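Chains as they are written, first to last, in this note's numbering: chain A, 1 to 214; chain B, 215 to 571.
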Amino acid sequence: MTKAELRVEVFRRLGAADPTRHVVWSVAEVSTAIDEAYAEIADATECVERVVTIDLLAARPYYDLRAVVPEPVLTIGPAYNETTGRWLSGSAVRELDGADRRWERVTGTPVRSVMRGLSWLGLYPRVAGDVGTIRQSYTALPPTLADDDEPLFPSQFHVALVEAALCSLFADDGESARAEAAWQAYLAIETALAQWVADRGSIPRQAGYGGPTW
Amino acid sequence: MVTLGQLRTRVLSRLGDLEQVVWTATEVDGHLRTAYDAVAALNVFFDTAYLEDRPRSFSYTAPWEQKAAYVAFDAGCANYTASDELRAAGDELDRIGPANHTSPFEATEGWLALAGADTRVPATSVMPSNTVALDRATWDSKVLGQALPAELARTDTSYESTRGPVEVLCWSGAGLGTVRKWRIPSGQADAVTVDGGPWGILRRPADLSAAAITGSWGICRRLPGHHPLTAAVGPGPGDYFGHPRRAILDGRNTRVEFFRRGRPIVQTADVCELPDRYAWYLTDFALMQCLQKAGPGFDATLAGLFAQRWARHLARVQRRVLHVSRERVGVLGGAPRVLGSRPARTQLPYTFGERLR
């Protein structure tokens, strides 16, 4: 469903399908509610996956993801060293401290990555010069929908935006019970989408008489 | 960039009370700041600071001066200059210090020694006032251990006076925000030699780094090996501003990595340091609190709904902060690489990150 279609559905559920009956809720308010719902479901399910190339800088302790990634980052994923052709291993800084108390002075080709707080990405070892790049995967928020855009996730989950928008609008109108009902309906669809995102790469185990199992 | 004013307007708008009949702006702002601190307590704001191994300096004599924003240059607080003044005048408990100079250059350029003043480095330092949790500390780029005073006393009965390389940081027994270094640094940290006087801006990058210079004009934006300038507001590129005033080196210096509170949101135009998406989370907490208030706007059902949303947000942020991707890396015919396959070096117990009681 496009954003325009989602908006029509929201108005229908509000009992104001006829544009002449857009008295309580304006088109802008419903559009805003849909945008917020889209951000919420993308934030909860992390269904928007991206990759960015980060230039490595000499002896840089940490890279600020707010500066090197052109959009807000939700969670980082695996990183690939384009110079060596190897994937970096995600690590905790405690592991590095336990192995070498002066690991910060080691320079070389990065093989591990660490995260500090929400925004700071560190690499071990640190590169000695401004050379090399890594390809960092991450999850992000989707861009705001235009009227003829569809949400990036599969269409069977699009109705979640309707439910979340209704929850928001009913809450603003003080309709507590209807807001709660819409929220529970949204949560069920969000859970299903999260499950779909997590299980995308798996295949069912198949067994046959004397046959191989997957 | 989301401001306090935008957050407040969102909350009041959703409550239908922009005229502030039932809920006031002050009340809403208080809830937003409470939520802000709750998110900060999840260790989202990582930062580094130096507990410099230098003689103690001061630029104001009472803590209220700093709180009232009278301090333009914060070189520390002290109200006496020599140890023999501790009990000489007034109540010993009111003494802060001692400190004997008012600007770091006096210590780094040898003026203290020239004047015959005490150049010893103190054993204790004060953590930044906005600290939420201490994560890690290093001295001379070597990670430090953590210990309680009783453990230090078992290791060295003279731990309060022994000088030498720093091995352990003790954050207990010396004051709520005060950390003790063991051993006490025997000398000052490495410093940049400033040529041409103690003030001005960096003119020759070669003073600090041999790295190639990009371009032929401008100001120093980054130094290899140094923590980047923290964004004044975020997220997004181009938000860094300002010029480094002092280049602080790691050589023989104590650096702490800690989590702190976000930049204060007091005025309407103050920007919340959280990423925009997380900044809007704060409105759910404020809505929950406002709807729980007894009176005309009380709504238990809606308050419960926003409480659910707030709990989800907190859990989500916490999960992301703790997220470490453990990807198994292997090569054909080879074993997966394992860091630290050699025997551990003999060293003091390393218990950073664990709560010791």
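Yeah, the Cβ is synthetic: ideal placement off N, Cα and C, and Gly gets one too.
Given the structure is predicted, the values throughout are model-derived calculations rather than measurements.
Relative to the C-alpha of residue i, which residue among the options is closest?
i: Leu221 of chain B; options: B:Leu496, B:Ala508, B:Met502, B:Phe520; result: B:Leu496
i: Glu306 of chain B; options: B:Arg368, B:Ala292, B:Leu226; result: B:Ala292
i: Ile54 of chain A; options: A:Val68, A:Val48, A:Cys47, A:Tyr62; result: A:Val68
i: Val406 of chain B; options: B:Ser372, B:Leu463, B:Cys486, B:Asp354; result: B:Leu463
i: Ala517 of chain B; options: B:Leu229, B:Thr223, B:Met215, B:Gly219; result: B:Leu229
i: Leu56 of chain A; options: A:Leu121, A:Tyr138, A:Val48, A:Glu49; result: A:Leu121
i: Asp349 of chain B; options: B:Met215, B:Ser271, B:Thr262; result: B:Thr262
i: Cys238 of chain B; options: B:Phe472, B:Ala500, B:Asp288; result: The residue you asked about is not Cys; residue 238 of chain B is Thr in the sequence shown. For the residues B:Phe472, B:Ala500, B:Asp288, the minimum Cα distance to Thr238 of chain B belongs to B:Ala500.
i: Pro61 of chain A; options: A:Pro125, A:Val159, A:Asp97; result: A:Pro125
i: Glu71 of chain A; options: A:Val23, A:Gly77, A:Thr83, A:Arg50; result: A:Arg50
i: Gly378 of chain B; options: B:Gly401, B:Arg477, B:Ala525, B:Ala249; result: B:Gly401
i: Ala351 of chain B; options: B:Val236, B:Gly509, B:Phe260; result: B:Phe260
i: Gly77 of chain A; options: A:Ser91, A:Val10, A:Glu5, A:Pro142; result: A:Ser91
Could you pull out every residue in the same chain whose Cβ sits closer than 6 Å to the Cβ of residue i, ignoring the five residues on either side in sequence?
i: Ala361 of chain B; result: Val382, Cys384
i: Thr217 of chain B; result: Ala483, Val485
i: Asp173 of chain A; result: none
i: Val251 of chain A; result: With chain A running from 1 to 214 in the structure shown, residue 251 of chain A is simply not present.
i: Gly15 of chain A; result: none
i: Asp490 of chain B; result: Val216
i: Gly424 of chain B; result: Reading off the sequence shown, one finds Ala at residue 424 of chain B, where the question assumed Gly. No residues qualify anywhere along the chain.
Do you know how far the Cα of residue j is from the Cα of residue i?
i: Gln234 of chain B; j: Thr240 of chain B; result: 10 Å
i: Ala44 of chain A; j: Leu528 of chain B; result: 12 Å
i: Ala192 of chain A; j: Glu374 of chain B; result: 60 Å
i: Gln136 of chain A; j: Leu65 of chain A; result: 10 Å
i: Val197 of chain A; j: Ser386 of chain B; result: 46 Å
i: Asn467 of chain B; j: Ser355 of chain B; result: 8 Å
i: Thr333 of chain B; j: Arg268 of chain B; result: 8 Å
i: Ile479 of chain B; j: Arg247 of chain B; result: 7 Å
i: Val543 of chain B; j: Gln503 of chain B; result: Model confidence at Val543 of chain B stands at a pLDDT of 47, short of 50, so the residue's coordinates are unreliable; what they give is reported in the following sentence. For Val543 of chain B and Gln503 of chain B, the distance between alpha carbons rounds to 47 Å.
i: Arg94 of chain A; j: Ala347 of chain B; result: 16 Å
i: Tyr274 of chain B; j: Phe287 of chain B; result: 9 Å
i: Val535 of chain B; j: Asn257 of chain B; result: 7 Å
i: Pro154 of chain A; j: Ile189 of chain A; result: 12 Å
i: Val111 of chain A; j: Tyr264 of chain B; result: 28 Å
i: Ala177 of chain A; j: Ser31 of chain A; result: 22 Å
i: Val447 of chain B; j: Val393 of chain B; result: Bear in mind that a pLDDT of 38 at Val447 of chain B, under 50, signals an unreliable position, so the model cannot answer this.
For residue i, which residues from the same chain have a beta carbon less than 7 Å from its beta carbon, with the 5 sequence-adjacent residues on both sides left out?
i: Gly450 of chain B; result: Reliability fails at Gly450 of chain B, whose pLDDT of 38 lies under 50, so the model's placement of it is uncertain and no value is given.
i: Asp149 of chain A; result: Thr2, Lys3
i: Ser119 of chain A; result: Asp64, Leu65, Arg66
i: Ser317 of chain B; result: Ser271, Ala289
i: Val162 of chain A; result: Leu6, Glu9, Val10, Arg13
Count the other CB atoms, across all protein chains shown, that sit within 10 Å of the CB of residue i; report buried if there are 16 or more and exposed otherwise.
i: Lys281 of chain B; result: exposed
i: Ala364 of chain B; result: exposed
i: Trp278 of chain B; result: exposed
i: His245 of chain B; result: buried
i: Leu390 of chain B; result: exposed
i: Thr133 of chain A; result: exposed
i: Leu166 of chain A; result: buried
i: Asp199 of chain A; result: exposed
i: Pro399 of chain B; result: buried
i: Leu6 of chain A; result: buried
Identify whether residue i lies in helix, strand or coil by the three-state DSSP scheme.
i: Val340 of chain B; result: strand
i: Lys507 of chain B; result: coil
i: Ser227 of chain B; result: helix
i: Ile462 of chain B; result: coil
i: Cys167 of chain A; result: helix
i: Ser31 of chain A; result: helix
i: Gly389 of chain B; result: coil
Beta-carbon within less than 8 Å of residue i's beta-carbon, same chain only, minus the 5 sequence neighbours each way: which residues are those?
i: Ala574 of chain B; result: Given that chain B is displayed from residue 215 to residue 571, the structure contains no residue 574 of chain B and the question cannot be resolved.
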